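Notes for the one structure printed next.
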Amino acid sequence: MKMRVTTLLVFAILFSFSTKAQVTKQELKTCKAIDSRTPAALALLKAAVNINSGTMNFAGVRQVGDLFMTELKKLGFETRWSPGDSFNRSGHLIAVHKGKSRRFLLIGHLDTVFGTESKFQTWSMVNDSIMQGPGVSDMKGGDVIIILAMQALHDAGLLDDLSVTIVMTGDEEADGKPIELSKKEIRDASMNADIVLGFEDGDGIPNTALIARRGSADWKLTVTGTAAHSSQIFTNEVGRGAIFEAARILTAFHDSLSQEENLTFNPGLIAGGGAVLLNDTANTAVASGKDNIVSSEVIVTGDLRAVSSDQLKKARQIMYHIVEQQEPHTSATLSFSDDGYPPMSLTGGNQKLLEEYSRVSMDLGFGPVTAVPPRHAGAADISFASEYVPMALDGLGIAGSGGHTVNENANIHYLSIDAKRAAVLISRLAQ
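Each residue of the sequence shown is one higher than the one before, counting from 0 in numbering that gives the first Met the number 0.
Dropping the structure here:
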């Protein structure tokens, strides 16, 4: 029944404007409003980029939130700050505009990967179109696009009837724990939404968007062996030791899973020997051992990424089965974290939404928009919302490159282009 209701809702949303093939006067008015407001939007972006909002700089994250909150209040949004004390983060910006239209959830984030210790703290212009700066594309540019689109809809007289919730999180780059509290605002908002739009920068290529994102889960493999003099390795009494057994397991993981489309698993840390001390918080390990002693302990940590819950479940089952086939005088355990990101699964609704977004882009003269392969995109906050709505689309933020490095940049010419596409899409979907 839920699937039938979802399908009918997708059909109803799309049928309401599927015959549109040209830009209306109201849409032209919206686009002109964006043109007139773009200089101020660019100034807002510069101001936001110059505020350090590394995830653990709680005051800086809040300062960026306050900056954006001020702009949204001017448009009639009810705004609040959702504190992050319970999950050791700054918190989230929540803005709500009540209306009679279909219900939209727009997702952004305020934090960046650049802490206060980073030398990368301010914006600069590389040329007349490329702005370099911390978080300019990931994703303060996307946040400003949300605001610019809302301003234009307001100026065109279309915002009054819109039902829009905006969630800009303060911990997307390093989520707080427990994750069920960290992502509660997104989940709660999605349960009262019909359409979710994410304004991450996607793969940084103009005219692309995401209809699927892979989910992720951390895993930990612990292997033990029998310590003995190295002259006794491979004997019936001692066996192969922990390091060789860990190597067998990892090789079997590779052979069994590496050809699965859109599935990746990566052992990111390994330590072994006679004793291993793992620091989970810092993701570091210290190992000790001797060349003439058979290894007795190995710890491996890594991540697993899959495009659907079923694919993730299948991969886990295969990995568990491999671990269970233990060699004599060894033992091994495999565990998965329960605080990973769920996948944003590929659905018919998402595909249809991309088609309409592409149609809007073509109607506005910006060309078609194509889907980013899931392998080219990481996990994002929209994954915590997409399973609750008939249709979701991500990657609507500003085009850029060099994310998470001191070369992060954005093409500011796309600030107005992406805002126009978003605003017109929302106005059409709302009808």
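The C-beta atom is built at its ideal place from N, Cα and C for all residues, glycine as well.
Keep in mind the model is a prediction, meaning the values are calculated, not measured.
Spell out the partners DSSP gives W218 in its beta bridges. G301, F335
May I have the straight-line CA-CA distance separating A422 from Q324, to the nearest angstrom? 56 angstroms
Express the C-alpha separation of S400 and N406 in angstroms, rounding to a whole number. 8 angstroms
Kindly examine the ligand GDP and report whether one of its heavy atoms sits closer than 7 angstroms to the Cβ of G377. The ligand GDP is not part of the structure shown, which contains no ligands of any sort.
Closest Cα partner of E260 within the set A305, R239, I269, N235: A305
Taking the alpha helix (DSSP H) that D96 belongs to, which residues open and close that run? Residue identity check: residue 96 is His in the sequence provided, not Asp. That residue, H96, is in no alpha helix (DSSP H); its beta strand (DSSP E) goes 90-96.
Along the chain, where does the beta strand (DSSP E) that runs through E77 open and close? 77-82
So, do the stretch 242-249 and the stretch 291-303 have three or more beta carbon pairs nearer to each other than 8 angstroms? yes
Sub-8 angstroms separation of D170 and R88 beta-carbons: yes
Grouping DSSP H, G and I as helix and E and B as strand, with all else coil, what is H228? strand
Can you tell which of V125, I381, L333 has the C-alpha that lies nearest to the C-alpha of R212? I381
Smallest Cα separation from F113: which of V95, P133, L105? P133
Per DSSP, H108 forms a beta bridge with which residues? T168
Check each candidate in L104, L220, G301 and name the one with the smallest Cα separation from V339. The sequence shown places Gly at residue 339, rather than the Val named in the question. It is G301 whose Cα lies nearest to the Cα of G339.
Please name the residue, chosen from Q430, A409, S426, that lies closest to I204 on a Cα-to-Cα basis. A409
With H, G and I counted as helix, E and B as strand and the rest as coil, what does DSSP make of E184? helix
Since A155 and A40 should fall inside the 8 angstroms C-beta cutoff, what is the C-beta to C-beta distance between them, to a whole number of angstroms? About 16 angstroms; that fails the 8 angstroms criterion.
How is the alpha helix (DSSP H) around Q258 delimited, first residue to last? Here Q258 belongs to no alpha helix (DSSP H), and DSSP marks it neither H nor E.
Could you name the residues of the same chain whose beta carbon sits closer than 7 angstroms to that of K45, not counting the 5 residues immediately before and after it, in chain order? W122
Tell me, to the nearest whole angstrom, how far the beta carbon of T342 is from that of G201; I am working on the premise that it is less than 8 angstroms. Reading off the sequence, residue 342 comes out as Pro, not Thr. Incorrect: roughly 16 angstroms between the Cβ atoms, too far for contact.
From the DSSP output, read off the bridge partner residues of D393. L209
I need the straight-line Cα distance from L105 to F335, nearest angstrom please. 31 angstroms
Could you spell out where the alpha helix (DSSP H) holding M318 opens and where it closes? 308-323
Proximal residues to S415 (C-beta, below 7 angstroms), its chain only, five neighbours per side dropped: I33, D34, T37
Whole angstroms is fine: what's the gap from S330's alpha carbon to L220's? 11 angstroms
Do you know how far the Cα of E236 is from the Cα of E172? 49 angstroms
Anticipated Cβ contact below 8 angstroms, G394 with L209, distance rounded: 4 angstroms
Judging by CA-CA distance, which residue of P82, S162, A391 is the nearest neighbour of F198? A391
Taking only three categories from DSSP, how would you classify M68? helix
Output the distance between the C-alpha atoms of N126 and H412, rounded to the nearest integer angstrom. 12 angstroms
Taking the continuous alpha helix (DSSP H) assigned at V143, which residues delimit it? 140-154
Where M130 falls, given that 16 or more other Cβ within 10 Å makes a residue buried: buried
Count the other CB atoms within 10 Å of the CB of N191; is the residue buried (16 or more) or exposed (fewer)? exposed
Using a threshold of 8 angstroms, state whether the C-beta atoms of G107 and M138 are closer than that. yes
Using alpha carbons as the reference points, say which of Y319, M55, E386 lies closest to G83. M55
Residue of E386, K176, V95 minimising C-alpha distance to D159: V95
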